[in-house]
Structures are given as C-alpha cells and as structure tokens.
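Participant:
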Amino acid sequence: MKSQVKNLVRVFIALVLLLPVLTLIFKVQNWSLPEWSEVGPALLSTFLQSFLSAAFTMVLGFMGALGVLSLKARRTFIEIVLLLPTFLPSLFVLLGCLQIISPFPFGIFGIVLVHTIIYSGLLAVMIARLLEARVGAFAELALVEGANSFLFLRKGVIPYLSKDLFSMFTYVFAMCVSSFSVPIVVGGRAVSTLEVLIYEKAMVESNTAQAIVLCFMQFGALFALSFISSQSTPAESTSHNLTLITKRLLYLPLFFISIGLVVVNLLGLSKGFFEISRLANFEFLFSKALQGTIFVSVSVVLCIFVFLIAIAYGFPHAKFERFLHSFVAPSTVLTGFAFMFLGSGSLSTQSELETFIKISLAFSILTLCSLYRLKWSSSLDKIKTQIQIANTLGASDIAVFKKIIIPQIMPDALMLSGMAGFWACGDFALSQLISGQSLTLSLVASGLLGAYRLESATLFVWLSLFIGVILFITLWSLSRVANKKLVS
Amino acid sequence: MKKPEYEKSLSLIDPRTSTPGYQFLEWVVSLYGTEKALTFFKEIDRSIFTVSSGWSAAYGIFTKKQAKLVFSYQTSAVYHWQEDKDLSYQPAILSEAHPYQVEFAAVPEKCRSCEAGVEFVKFLLSKSAQTKIMKTNFMFPVIDGVVEGTEFEKLPKLKLQTLVPQEADTVTKNLEIWKALAR
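The listed protein sequences correspond, in order, to chains A and B. Our numbering numbers the first residue of the first sequence as 462 and each following residue consecutively. Our numbering numbers the first residue of the second sequence as 26 and each following residue consecutively.
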C-alpha cells in the first residue's frame, strides 16, 4: 500500500511534466517525421553550441566560484550582481552584449559567448556554495599538509564533485538547447536550431506532429547524457577554511560583465520615466500588472514547492530519478500552444483567473526539471543513505518523510521555489502565448517593446526584477531560518 | 543595399519567427522571383548586421545605434519625430514598390459578448478611434480625413505593392530560400 502511494506520486509528477506533450499528442491527427535534411543541421548546430556553451560556462563559473569564496564583506551584493545576467530577459542581455563587444563575433562563437555571459554568474554562485558544503574539511586537511592548490583542485575537488558538476553542466546544456532568441540574433544568417525548427513546425507550418517528434529528440539526447553521470558526493558541514582554493580576483571578470550589462540597460531610463508618465491610464495599468506579477510569481512559488516536495516523497527511485534528470520540458512555444487548448480552450473566452493559473502551471512545468538538475537532485542525494537505512530498519514512509526528508530538504526547497518565483516575474515569452493581454509587468514591457518604447519597457523589466528580488529574498530568508533550525 | 557603404548596416527580422520578417522575404520573392531572390540575399549578405527573432529586437538594435537601417514601418519615423522630436529618423524611399501591412480586428466565432464585440469593431472604424490608434500605435488610419494636420502627412507618398495571402506550401517554399542561406 505504502509503495503504491509513492508510485502514484511519481506518476503524478511524470504526468504533470508530460501534460503539454500529451495534450498536443491527443490533438494530432496525422503523424509524420521531419526530413533528415532539415533535422540534421539543426541537431548538429544545437548540440555543438550547447556543448561549447556549457563547457565554457563551467570553466568560467568554476573560476568565478573560487573568487566568490574569497569574499567576506559584500559577498551577498556581489552574488546578486553575478546572478543578474541569468535573470534579465535575453533581449536585454543581447542588446547589452552588442553594445559592449564591438565588433561582435557573430556565428557559433557569438552564441557561445552570450550563453556563457548569461549563465557563468549563476554557476559561480552555485559552485561556490557546492565547494563550501562538500570539500571544506578536505581543503583544510590539504592546506595543513601543504598541498598545491592547482593539484588539489585537479586531482581532488573536480573528480570528487564530478556528479554535482555534471548536473550543473547538463542544466546549462539543457538551457542552451532550448535557447531561442540568442542563436537567431547572434548565430549568423538563417541559423538552424531545434528550437527554431520546433517553432517553425508548430507556428508556421502548423505541423504539430513533427514539432512533437523534435521535442522527443531533445528529450532523447538529454536522456542519453544522463547515463554518463556517476554517484553524488555526500554532504558535510560548512564553516571550514577554504584558503587553499580561493583565488581572490577571479570573480572580477564576471562581476564587470554583469555591471556592464546593468549600466548599458540603465542608460536611457530617465527617458523611460518620461515616456511612462505620458502613458494614458498608467496608474491603472501599473497596479493591475503589479497584482498580476505578484499573483503569478507567488503561484509559481507554491506550485514548484509542492512539486519539489512531491519529488522528494517519491525519492529514491532509479527510473524516476533518471526520468527527471533527462526530461527536457517541451519548448516554450509548444508548452504555450498546448495550454491554449486546455481549460476553456480560447484566449477570448478564458477568465483572468484561468489565465493566471495556466501561466503558473505552464511556467512551473518549464522550470521544474531545470531546478531539479541545478540543485534538487544533489540535495536529495545527500539524504539518500539515511532514507535507505531508515527503510531497512522498518520506518514507515510517512515517518521517513516527516522526520528525515522534510526537515533536511526544506531550506533548499524554499530557496529553489524562490528562484522559480524570481524567474516567473521576468517571463513574457510563455505568458504572451497563453494570455494575449498585458496582465503582468513583463507583459506590459513586452507590449511597450512592440510600440517603440524600449526605455519604458526596460523600466518595467527592472520593476519586475525588483519584485522578483523581494520574493527571492523572502524565500531565501525562510530558507535560512529552516537551515538554522536544522543545524540547531 | 549592395554598395560597400552599407556594410553591416541592416537589422533584419527572421522570416521563420516573425510576420514582418516573412513579409520582407515575400516582398523580395515577389520582386525578383524565387531563383533570383536567393542571389539577392547572397548579394546583400555583407550589408546585414544581424537578423532578429522579432520586430522588437530588430528595432531595438536599430535604436541602440548598432545598425543604421532596419526593416520596419514607414510610420516608425513618426514615432521619433513626434515623441523624441528627432528628425534624423527617415524612411528610405526605394525605387521598387514597397510592401504594406494591414492590421485586422475581428470578433471570434466563440465570443462571449458577441454584440459588444461587433459594436467595438464598429467603434474602431470611427474617426476618434482611428485618430487614437494612429497617434499611439503609429500606424496609418483606414479611413479618410484623419492624417490631415499631423506628422503623418509629412511622410513621403510611396509606390505600394500588395502582397496577397499565401498557401502554406508557398510559405514553406519561400522559407526554403531563407534556409538555403545557411548552407
């Protein structure tokens, strides 16, 4: 009986993740395969750029992490600055890159460069946390015994953390596989990627069947990649001396890139204020969009929190873990397209509440597996042995869940939910497809972008990021409280 | 566009992901025919700075001074004249006929308040609504007697070319021209 409940929870999570694809599969009448002549080049360029982007991001992120670890004062501020490129809409990062880097190296190198800029800061912060949590005692011992810092990193840290680093690599890889605007803008003429091809099949050719087939190709590739991963490293306590591996100035390149992007995007903001002040019904528009943003982001936080806890309940299970590791959410376009059919099935007849619920659920589906690969998988791995021992000793599932799993995973669950809420604040690609109205700050920004008002749009993007930061800090604080309770 | 002085000066939109982008491709095909269109694109390749996924990104690249030219609407210039008081933005007048885009409003079959929808569409065709749309969305009105006395009157009169709606097969065939550029 008890394992049946666990199985049901696993099936529930799998069905939720597959909901967009299943919805579209039921709509398809005639199945056909895309021609290899168009899939081949798209596959090749997608995987080449994703692999290189993930590899460079890992290198730069790792170096940045060594720099971040050396910080004592203002570390939180610097971490937030490093995270900004990941949370800015890609159009703003692209515009910033084109203004800062001149002449810009268009082509595959351009794609890799922009992806590396977007994700390196995030990885620097994540790897710094990982190093603190996992190799503190080793680093202290190695320091006392006079180890060489480079050798310690190469022969000790990197092999020891290979599973965690590989999880992060697959996270960046998957994000780059589903990247849409970046390859088009900086990839050179008519660059072909799987994501562009899916868009073309679904929206231009109305060939949903082939779009779904392409979606499964993405899924298959990551599934194959997930077989490479090895066992995770066990956790240990923090607060160790990491002097051996810290490199004081290595965070600076990433810091200056982020600052450069912020400054470039802040230029002209005064014009944005002026433009906005002249918009008709600005106060009404703003307050409505603000409420919408808060509603969507809080709903996403709740959805993600519930899904993460459900995953934890279904843990450990080899096939379930493999599925989550390899699952790539269908592209934004396909997910949006699928959610159009759900509920009342029409943009013109759906209520605002229905729209909000659809956006929240769709966004949660898109981000859940990214969060799993980024952190949740390693958080669960840390307590795997404890769960197995408790189960062997005859503890009930509920007791294991309440006494072992929940207390230990709560800090990470809260932090990851906050991260999803932050992302949700800035989303307009998915919301636009599902909503068709300016219901959130990001959607207002998107509307302004389409009406020449780039600076006003930038202002709205910063406002939505501000809401996201507040939400994230709230969840992060709760996470710290939960963590302190755990330690005490 | 083939001249060296236009090198890396044009911000275009991808026809696979955007309707204005497709309009540009369709326009070139209608001017030169299917075979010569590819040659044309190869000839102006040097002049293209970048291709964006949508009009907003392409226009953003243009207004951020990264590209000197953008494929946009003739009425885009009025935005800068009216809002920025900047007359340096000017529409390019080409010897060929220019394509134009018509925006539609419709009441969907599955409407909730159908009569109100029809009334609203009728309202959109009134002079006051057309004036409002023209001044805030920077597009030509569809009725006479609205542009008089406004910046829109200063826009040059262009030779226009109607692009007829195409079958899915033709769209796919035209997109093949674009995709051939990557090979």
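Note that beta-carbon positions come from the ideal geometry of N, C-alpha and C, so glycine has one too.
For the region 151 to 178 of chain B, which residues have a CB atom closer than 8 Å to at least one CB atom of chain A, in sequence order?
Facilitator: Against chain A - using a Cβ distance shorter than 8 Å - the residues of the region 151 to 178 of chain B are Thr161, Asn162 and Phe163.
Participant: According to DSSP, is glutamine 560(A) part of a helix, a strand, or is it coil?
Facilitator: Of the three classes helix, strand and coil, the one that applies to glutamine 560(A) here is helix, per DSSP.
Participant: State the beta-bridge partners of leucine 35(B) as determined by DSSP.
Facilitator: Leucine 35(B) pairs with Ile73(B) and Leu94(B).
Participant: Give me the chain B residues within the contact set of glutamate 666(A), using Cβ-Cβ distance strictly less than 7 Å, ordered along the chain.
Facilitator: Correct list: Ala193 and Thr197.
Participant: Does leucine 206(B) have its Cβ less than 8 Å from a Cβ in chain A?
Facilitator: So yes, leucine 206(B) belongs to the interface.
Participant: Find the residues of chain B that neighbour leucine 715(A), judging by a C-beta separation of less than 8 Å, and give them in chain order.
Facilitator: What leucine 715(A) touches in chain B: nothing, since even the nearest Cβ is about 23 Å away.
Participant: If you reduce the DSSP assignment to three classes, tell me which class proline 124(B) lands in.
Facilitator: Strand.
Participant: Threonine 88(B) versus chain A: which residues are under 7 Å apart at the beta carbon?
Facilitator: Within 7 Å Cβ-Cβ: Leu915.
Participant: Report yes or no: is there a C-beta of chain B within less than 8 Å of the C-beta of valine 646(A)?
Facilitator: Judged by the 8 Å Cβ criterion, valine 646(A) is in contact with chain B.
Participant: Could you tell me the alpha carbon to alpha carbon distance between proline 190(B) and serine 825(A), rounded to whole angstroms?
Facilitator: Answer to the nearest angstrom: the Cα atoms are 38 Å apart.
Participant: For serine 498(A), which of Cys676(A), Met880(A), Phe565(A) and Thr654(A) has the nearest alpha-carbon?
Facilitator: Out of Cys676(A), Met880(A), Phe565(A) and Thr654(A), Thr654(A) has the C-alpha closest to the C-alpha of serine 498(A).
Participant: Output the boundary residues of the alpha helix (DSSP H) element that contains glutamine 490(A).
Facilitator: No alpha helix (DSSP H) contains glutamine 490(A), which DSSP labels as neither H nor E.
Participant: Please report how far the alpha carbon of glycine 170(B) lies from the alpha carbon of glutamine 560(A), in whole angstroms.
Facilitator: So the two alpha carbons sit approximately 43 Å from each other.
Participant: Inspect the beta-carbon positions of lysine 708(A) and glycine 528(A) and report whether they are closer than 8 Å.
Facilitator: Yes, they are a contact pair.
Participant: Which of helix, strand or coil does DSSP assign to leucine 185(B)?
Facilitator: In the structure shown, leucine 185(B) sits in a strand (DSSP, three-state: E or B).
Participant: Using a Cβ-Cβ cut-off of 6 Å (strictly less than) and excluding sequence neighbours within five positions of proline 502(A), which residues of its own chain qualify?
Facilitator: Cβ neighbours of proline 502(A) beyond the five flanking positions: Ser653.
Participant: Do lysine 467(A) and tyrosine 774(A) have their C-beta atoms within less than 8 Å of each other?
Facilitator: Going by C-beta atoms, lysine 467(A) is nearer than 8 Å to tyrosine 774(A).
Participant: Pick out the complete alpha helix (DSSP H) segments inside the region 597 to 677 of chain A, 4 residues or longer, and give them in chain order.
Facilitator: Whole alpha helix (DSSP H) segments, 4+ residues: 597 to 605, 623 to 638, 642 to 647 and 655 to 660.
Participant: Judging by CA-CA distance, which residue of Phe565(A), Ile578(A) and Phe567(A) is the nearest neighbour of phenylalanine 548(A)?
Facilitator: Measuring from the Cα of phenylalanine 548(A), the nearest candidate turns out to be Ile578(A).
Participant: Can you tell which of Ser907(A), Ser760(A), Ser493(A) and Phe717(A) has its C-alpha closest to the C-alpha of threonine 816(A)?
Facilitator: Taking only the C-alpha atoms, the option nearest threonine 816(A) is Ser760(A).
Participant: In its own chain, which residues sit with a C-beta less than 8 Å from the C-beta of phenylalanine 776(A), not counting the 5 before and 5 after it?
Facilitator: Closer than 8 Å at Cβ, skipping near neighbours: Glu782, Leu841, Lys845, Ile848 and Ile866.
Participant: Determine the direct distance from the alpha carbon of glutamine 126(B) to that of tryptophan 203(B), and round the result to whole angstroms.
Facilitator: About 21 Å.
Participant: Does chain A have any CB closer than 8 Å to the CB of tyrosine 80(B)?
Facilitator: Inspection of the sequence shows that residue 80(B) is occupied by tryptophan rather than by tyrosine. So, interface residue.
Participant: Can we count leucine 485(A) as close to the ligand NAP, meaning its CB is less than 7 Å from some heavy atom?
Facilitator: By its list of ligands, the structure shown contains no ligand whatsoever, and the ligand NAP lies outside what it can speak to.
Participant: What span of residues does the alpha helix (DSSP H) with histidine 786(A) cover, start to end?
Facilitator: Looking at the DSSP string, the run of the alpha helix (DSSP H) that includes histidine 786(A) is 779 to 787.
Participant: To the nearest angstrom, how far is it from the Cα of proline 566(A) to the Cα of leucine 149(B)?
Facilitator: Each residue's alpha carbon lies about 46 Å from the other.
Participant: What's the call for glutamine 510(A), buried or exposed, on a 16-neighbour Cβ count within 10 Å?
Facilitator: Flag for glutamine 510(A) reads buried.
Participant: Is DSSP giving tyrosine 84(B) helix, strand or coil here?
Facilitator: In the structure shown, tyrosine 84(B) sits in a helix (DSSP, three-state: H, G or I).
Participant: Following the continuous alpha helix (DSSP H) through arginine 41(B), name the residue where it begins and the one where it ends.
Facilitator: Note, arginine 41(B): premise wrong, no alpha helix (DSSP H); not H, not E.
Participant: Ordered along the chain, which non-local residues of its own chain (more than five positions away) have a Cβ less than 7 Å from that of lysine 945(A)?
Facilitator: Cβ within range, chain order: n/a, list empty.
Participant: From glycine 85(B) to valine 724(A), what distance separates their C-alpha atoms?
Facilitator: If I take the Cα positions, the gap works out to 17 Å.
Participant: Would you kindly work out how many angstroms separate the C-alpha atoms of glutamate 601(A) and leucine 530(A), rounded to a whole number?
Facilitator: The alpha-carbon atoms of glutamate 601(A) and leucine 530(A) are separated by roughly 14 Å.
Participant: Taking the alpha carbon of proline 495(A) as the reference point, which residue from Ala672(A), Leu480(A), Leu532(A) and Ser514(A) has its own alpha carbon closest?
Facilitator: Here the closest residue by C-alpha is Ala672(A).
Participant: With 16 as the cutoff for other CB atoms within 10 Å, does lysine 836(A) come out buried or exposed?
Facilitator: Lysine 836(A) comes out buried.
Participant: Which of the three DSSP states, helix, strand or coil, is assigned to isoleucine 588(A)?
Facilitator: Looking at isoleucine 588(A) - three-state DSSP - the assignment turns out to be helix.
Participant: With 8 Å as the limit, tell me which residues of the region 542 to 561 of chain A have their beta carbon closer than that to any beta carbon of chain B; keep them in chain order.
Facilitator: The residues in question are Leu552, Leu555, Leu556, Leu559 and Gln560.
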